[in-house]
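*Asks:*
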Amino acid sequence: MLRDVPPRASWALEQAGVPPLLARLFAARGVARPEELDEGLAQLLPPEGLKGMSEAAVLLADTLQAGERICIVADYDCDGATACSVALRGLYLLGAHPGSVVYVVPDRAVHGYGLTPAIVELALPLKPQLLMTVDNGIASFTGVAHARERGLKVLVTDHHLPALVEGETAVPEADAVVNPNQPGCGFASKNLAGVGVAFYTLLALRAELRRRGAFEGREQPRLDSLLDLVALGTVADVVRLDANNRRLVAQGLRRMRAGRMQPGVAALFSAAGRDAGRASSTDLGFALGPRINAAGRLSDMTLGIECLTTDNAERALELARQLDTINRERREIEAGMRDLAEARLEQLLAEPALQGEPPAALCLYEPEFHEGVVGIVAGRVKDRLHRPTFVFALGADGQLKGSGRSIPGFHLRDALDLVSKREPELLKKFGGHAMAAGCTLQAESPEEAESRVQSFGAALERVAREWLDAAALTRTLRTDGPLPPEAFSAEVVQQLEAQVWGQAFEAPLFCDPVQVVSQRIVGERHLKLRVRQGGPSGPLRDAIWFGHIEPVPERGHLAYRLALDEYQGQQRVQMIVEAMSEQAARPAGATT
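Written as structure tokens, this is what we have:
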């Protein structure tokens, strides 16, 4: 499907000096005015627009000025790790006494998710007066209540959707709650990541301290030094990149390219073999983010947080290399799980009733699955079959831990809510977003696990059949149409790479008719192509289709991204193939 390009918006952007190709791409992604592309910090939405922010700022300022101890309750993914690091670094920048800010991170296998009573007990020996959650807490009713019973103040900062209690959204009774998605919050961007909410909370705290005269006689602390962490967590959490989030990410990338980043971020670039001087959102989402996430999936997220908070470059590099090793282990586990999932899918699709067509929603479980990797495998299956997918593993506590990924048109958290209403005894707990969610099923024994998952899968599939029609279950590829031959240059690729692309602001995907001149397998898993762009008389181009080994037709339409292939100091523009249609008469950008 070809993206629609509003001509007036494209023209207005060009008149403001945006290069024509970028103007077309931005207009197709909903940018209507040049000021929406202003990446300046002055254009950020003000923090006072967040409900509960004034209470949070006063609470934190009172705590800092009283010299009381704050314990940050983090989460075990990249968003949670960066949010914890931003809060830790930011509170010290704003005057916290040495040693007065500590943190705890739940162990995925032991404590589960969020601020639980067990986590409160884990924090108590650290002697805090205030618990501050980052990237969690909005559904932690029992944990917040337990903390207050133990005499602690609680500040919840989160971005997840609030829980539904008797059909109504509700938030815990904390001393302050900051979440753009809580009831009654009029903040214009509902898409802040957890790290974005933490950063905004620091902005409000600084304003409150300034109002109290805390910075008289000296320059107020600069919080923009934390934006590399904000950018990393925002991209890694795959939140929608609206204008406000794009500004946060753009500012962070700008600092990385200039070498102004935390030692841990620089170390992660080194461990991943990426050039920080050309930092892109792709680097954050596919190189740095997975290495931080791997710690929470397979080991201890304190490794990731220490990497991001240490000021010792040697220690940061040592930790980044440990994270790289853990990430390699994660890949091996994921590969084994994918093989098991593929085998289970083959059995499923072979069932006569399905006639080779997958059901409206998928649910997979194997006793050998690792609970730290179920979300990744769910995403792989969802991408392959274009179906909402849940993957379950049996946790160390004997409960079934599931992680799901969805497709457009199917709000996964709302679907779980409907399942819980129809099957009250099935779901122990659940939460998440429209496109990603998690849940826990109670299993009294390993033998019971299979039947529990089957019951959940049947309930989820029933909701999917009700909500999704044939159009929603048909995969479509949205492209930006053909690319002029003159745009195939290193300068254009670098110009595209310099922009902030991501969720709901996808990187450009072009589509051209091509004639395939040659094709061969390289690296045993990839198809290397030589094609003529535009047909028999067009210019020759190099293309590669990663993870694809099936031969392609001699002629068709190629959907591709642009990249620079560097070899022995030489740069060549290369097509990275996403799909190919052999129907040569089909217009560029058609459904594939």
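Numbering of the sequence shown is given in the numbering used here, commencing with residue 11 and proceeding in unit increments. A virtual CB, placed ideally from N, CA and C, is assigned to each residue, including glycine. Just so we're clear, the structure is a prediction, and the values are computed from it rather than from any experiment.
May I ask you to report which of helix, strand or coil DSSP gives residue 417?
*Replies:* If DSSP states are grouped into helix, strand and coil, residue 417 belongs with coil.
*Asks:* Considering just the uninterrupted stretch of the alpha helix (DSSP H) at residue 209, what are its terminal residues?
*Replies:* Counting along the chain, the alpha helix (DSSP H) containing residue 209 begins and ends at 204 to 221.
*Asks:* Could you work out which residue in 551, 590, 237 is closest to residue 562 when comparing CA atoms only?
*Replies:* Nearest of 551, 590, 237 to residue 562, Cα basis: 590.
*Asks:* So what does DSSP say about residue 173, is it helix, strand or coil?
*Replies:* The answer is strand: DSSP assigns residue 173 an E or B state.
*Asks:* Take every Cβ of the region 487 to 498, pair it with every Cβ of the region 268 to 277, and state whether three or more of those distances are shorter than 8 Å.
*Replies:* Verdict: no, contact absent.
*Asks:* If I'm right that residue 66 touches residue 211 with Cβ under 8 Å, what's the distance once you round it to whole angstroms?
*Replies:* About 6 Å separates the two Cβ atoms, so the contact holds.
*Asks:* Buried or exposed, going by whether 16 or more other CB atoms sit within 10 Å of the CB of residue 256?
*Replies:* Its Cβ being crowded by 16 or more others within 10 Å, residue 256 is buried.
*Asks:* Give me the Cα-Cα distance between residue 17 and residue 28, rounded to the nearest whole angstrom.
*Replies:* Answer to the nearest angstrom: the Cα atoms are 14 Å apart.
*Asks:* Which residue comes first and which comes last in the alpha helix (DSSP H) that contains residue 349?
*Replies:* Run containing residue 349: 323 to 359, per the alpha helix (DSSP H) assignment.
*Asks:* Can you give me the start and stop residues for the beta strand (DSSP E) that residue 528 sits inside?
*Replies:* Residues 520 to 532.
*Asks:* List the DSSP bridge partners of residue 163.
*Replies:* Paired residue(s): 140.
*Asks:* Fully enclosed by the region 43 to 112, which alpha helix (DSSP H) runs are 4 residues long or longer?
*Replies:* Runs found: 63 to 75, 88 to 103.
*Asks:* Between residue 82 and residue 71, which are expected to be in contact by the criterion C-beta below 8 Å, what is the C-beta distance as a whole number of angstroms?
*Replies:* Contact doesn't hold; Cβ gap of about 16 Å is too wide.
*Asks:* How about residue 551 and residue 525: do their beta carbons lie closer than 8 Å?
*Replies:* For residue 551 and residue 525, no; Cβs fall outside 8 Å.
*Asks:* Just to confirm, are residue 485 and residue 13 a CB contact at a threshold of 8 Å?
*Replies:* For residue 485 and residue 13, no; Cβs fall outside 8 Å.
*Asks:* One question on the structure: do residue 224 and residue 105 come within less than 8 Å of each other, judged by their Cβ atoms?
*Replies:* Their beta carbons are under 8 Å apart, which means residue 224 touches residue 105 by this criterion.
*Asks:* Judging by CA-CA distance, which residue of 274, 538, 576 is the nearest neighbour of residue 559?
*Replies:* Of the candidates 274, 538, 576, the one whose C-alpha sits nearest the C-alpha of residue 559 is 538.
*Asks:* Taking the Cβ atom as the reference point for each residue, do residue 168 and residue 189 lie within a distance shorter than 8 Å?
*Replies:* Cβ atoms of residue 168 and residue 189: closer than 8 Å.
*Asks:* How would you call residue 606, buried or exposed, if buried means at least 16 neighbouring beta carbons within 10 angstroms?
*Replies:* Outside the shown range of the chain (11 to 602) lies residue 606, about which nothing can therefore be said.
*Asks:* Output the boundary residues of the beta strand (DSSP E) element that contains residue 584.
*Replies:* First-last of the beta strand (DSSP E) with residue 584: 580 to 591.
*Asks:* Assign residue 438 to one of two classes, buried (16 or more other C-beta atoms within 10 Å of its C-beta) or exposed (fewer than that).
*Replies:* Burial call: exposed.
*Asks:* Could you check whether the region 157 to 168 touches the region 427 to 434, counting it as contact only if at least three pairs of C-beta atoms, one from each stretch, sit closer than 8 Å?
*Replies:* Cβ pair count under 8 Å is below three, so no.
*Asks:* With respect to the alpha helix (DSSP H) encompassing residue 429, which residues constitute its N-terminal and C-terminal limits?
*Replies:* 422 to 432 is the extent of the alpha helix (DSSP H) around residue 429.
*Asks:* Quick test of your reading: residue 425 and residue 397, contact by CB under 8 Å. State the CB separation rounded to the nearest angstrom.
*Replies:* About 13 Å; that fails the 8 Å criterion.
*Asks:* Evaluate contact between the region 302 to 313 and the region 338 to 346, counting only Cβ atoms and requiring at least three cross-stretch pairs below 8 Å.
*Replies:* Segments in contact, yes.
*Asks:* Indicate the three-state DSSP secondary structure (helix, strand or coil) for residue 540 in the structure shown.
*Replies:* Strand.
*Asks:* If contacts are defined as beta-carbon pairs under 8 Å, then residue 430 and residue 420 qualify, I think. What distance do you get, rounded to the angstrom?
*Replies:* That pair is no contact at about 16 Å.
*Asks:* Beta-carbon within less than 6 Å of residue 275's beta-carbon, same chain only, minus the 5 sequence neighbours each way: which residues are those?
*Replies:* Counting only Cβ-Cβ distances below 6 Å, and skipping sequence neighbours, we find 238.
*Asks:* Sort 509, 557, 451 by Cα distance to residue 390 and report the nearest one.
*Replies:* Of the listed residues, the one whose Cα sits closest to residue 390 is 557.
*Asks:* For residue 554, list the residues DSSP reports as bridge partners.
*Replies:* For residue 554, which the question treats as bridged, DSSP gives the partners 538, 586.
*Asks:* For residue 313, which of 133, 94, 151 has the nearest alpha-carbon?
*Replies:* For the residues 133, 94, 151, the minimum Cα distance to residue 313 belongs to 94.
*Asks:* Between the region 465 to 476 and the region 145 to 156, are three or more C-beta pairs nearer than 8 Å?
*Replies:* Cβ pair count under 8 Å is below three, so no.
*Asks:* Tell me where the alpha helix (DSSP H) around residue 393 begins and ends.
*Replies:* Run containing residue 393: 384 to 395, per the alpha helix (DSSP H) assignment.
*Asks:* If you count every other CB in all the chains shown that lies within 10 Å of the CB of residue 409, and 16 or more means buried, which is it?
*Replies:* Under this definition residue 409 is a buried residue.
*Asks:* Do the region 171 to 190 and the region 452 to 462 touch if we need at least three Cβ pairs shorter than 8 Å?
*Replies:* No, the region 171 to 190 is not in contact with the region 452 to 462.
*Asks:* Let me know if residue 597 comes out buried or exposed under the rule of 16 or more other beta-carbons within 10 Å of its beta-carbon.
*Replies:* Note that residue 597 has pLDDT 37, beneath the 50 cutoff, so the model's placement of it is unreliable and the number below is only indicative. Per the 10 Å Cβ criterion, exposed.
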